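Residue numbers (UniProt numbering): 13 to 480. Even for Gly, the Cβ is constructed at its ideal location relative to N, Cα and C. A quick note: this is a predicted structure, and the numbers were derived from the prediction, not measured.
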Ligand code: GUN
Ligand code: ZN
């Protein structure tokens, strides 16, 4: 058992979160939260409490958070292309379809060489983990071997993830395309089998899951989509991820390629690719009708605001999606997005909400901290259909968490989050408003340096203070 004592910030809904200044979190040996107790007991009472809930004396290690530190659920990135990190920060003066041709496909092509993948994927996954991402929904390239390796690396580093290889058999350059729908499906099946056979985590349940990844409608023939339809219908529990309505030219081209469909969402629906475990990236240009359809099917949207600004795609109407009952989480969409950090996606989601709020005919409220916390954690968990396991601290859920440091000694001079003279109320107890401020500062000027530990299923897998 590991017993954490200290302040906890926990999302409850998109409009509320709990601030628990004195909290005790008991994590069992499998990494699940056994108890969450507010108003922690002091001194010898602690042993009594632990005894009462069945934690034997001497069978626990105690982690006491220092002043200026707090625990929050780990960040969930519902959309990231692991293979595009080498391209980070390049090509933002191009729009999507041009950018794919000029920057992205040439970058992804390099993963045909397994030595390149073996050299670069470990650093990439490490960087993503140290940004505070406890769960990633990864796109690999179209290559089977490199994507198997990506799954192996994620598994060995202990991150929770979905890993998929792109299905793409048309409208791509000759050097980066699958030879047929048949080959595309068969290699997908091999990747699924590989991931399902990875050694299990000590939690006794897999942390790495396969995800079927038709890149987007434009890159898939009707034959490929028909084959994928049959495959997903016989495998209802395997997740699906793809892109939807990101860019105006893309939407136009999609409707030209599928003249019998009346909408972009309608294309995916025709091939039974819209369901509760489907993750749709972007959704900037979805119509009300499409939002209704997506909500009806139970699919979720990955809001990728950094990418939508960087590639000049547009601004998603997140409030409207939520009002329609669509699940929404955040995605970095590297390297359409120019940062692998969900913190940056949080900042851009805030900016998007402010800009949408002042548009004529749009309106809506800008997002507050509760909403941003929700999108980055519990909302993402819902999009991944993992809301019973992660996204918030609740008894029985996995302990996927960040230990955040907003003290001056974090190494980040931008965050002066802790002032003992001001922050402590009577009796050495933290004020709730102070903790809320810490969270806000972490969101808006924090970075990797403020993340002391990244914890997945109870194990520390990254962060600045991993060694210490
Ligand atoms: N649509 C199809 N492929 C991609 C991609 O790699 N990135 C983004 N942002 N959109 C896409
Ligand atoms: Zn993407």
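The closest CA to that of residue 382, considering only 33, 448 and 251, is found on 448. In this structure, residue 345 has its beta carbon less than 7 Å from a heavy atom of ligand 2. Apart from sequence neighbours up to five positions away, the residues of its chain that approach residue 270 with a beta-carbon distance below 7 Å are 229 and 279, ordered along the chain. Pairwise C-beta distances place the segment 173-184 out of contact with the segment 368-386, as fewer than three of them are shorter than 8 Å.
By the C-beta density criterion, residue 74 is exposed, having fewer than 16 other C-beta atoms within 10 angstroms. Of the residues 277, 294, 27 and 324, the one whose Cα lies closest to the Cα of residue 304 is 277.
The closest heavy atom of ligand 1 lies less than 7 Å from the beta carbon of residue 258. In the DSSP assignment, residue 314 falls within the unbroken beta strand (DSSP E) covering 312-315. Following the DSSP letters along the chain, one finds residue 402 in no beta strand (DSSP E), marked with neither H nor E.
In the DSSP assignment, residue 293 falls within the unbroken beta strand (DSSP E) covering 290-294. Here DSSP, grouped into helix, strand and coil, assigns residue 457 to helix.
Taken through DSSP and simplified to helix, strand or coil, residue 452 comes out as helix.
Secondary structure in the segment 302-371: the beta strand (DSSP E) runs of 3 residues or longer, each lying completely within the stretch, are 312-315 and 339-342 in chain order.
Shown here for residue 188: same chain residues with a beta carbon closer than 6 Å to its own, the five before and five after excluded, namely 117 and 121 in chain order. Here residue 158 is buried: its Cβ has 16 or more other Cβ atoms, across all protein chains shown, within 10 Å. Note: residue 176 is bridge-paired with 151 in the DSSP secondary-structure output.
Residue nearest to residue 70 within the set 457, 34, 15 and 196 is 15 (criterion: CA-CA distance). Taking 7 Å as the cut-off, one finds at least one heavy atom of ligand 1 near enough to the beta carbon of residue 108.
Taking 7 Å as the cut-off, one finds at least one heavy atom of ligand 2 near enough to the beta carbon of residue 293.
Counting the other CB atoms within 10 Å of its CB gives residue 131 a total below 16, which places it among the exposed residues. Here residue 214 carries a coil assignment [DSSP, helix/strand/coil].
Placement of the Cβ of residue 348 at a distance of less than 7 Å from at least one heavy atom of ligand 2 is found. Listed in chain order, the non-local C-beta contacts of residue 364 below 6 Å within the same chain comprise 317 and 327, local neighbours out to five positions each way being set aside. With a cutoff of 7 Å, residue 315 does not count as near ligand 1, since its C-beta is closer than that to no heavy atom of the ligand.
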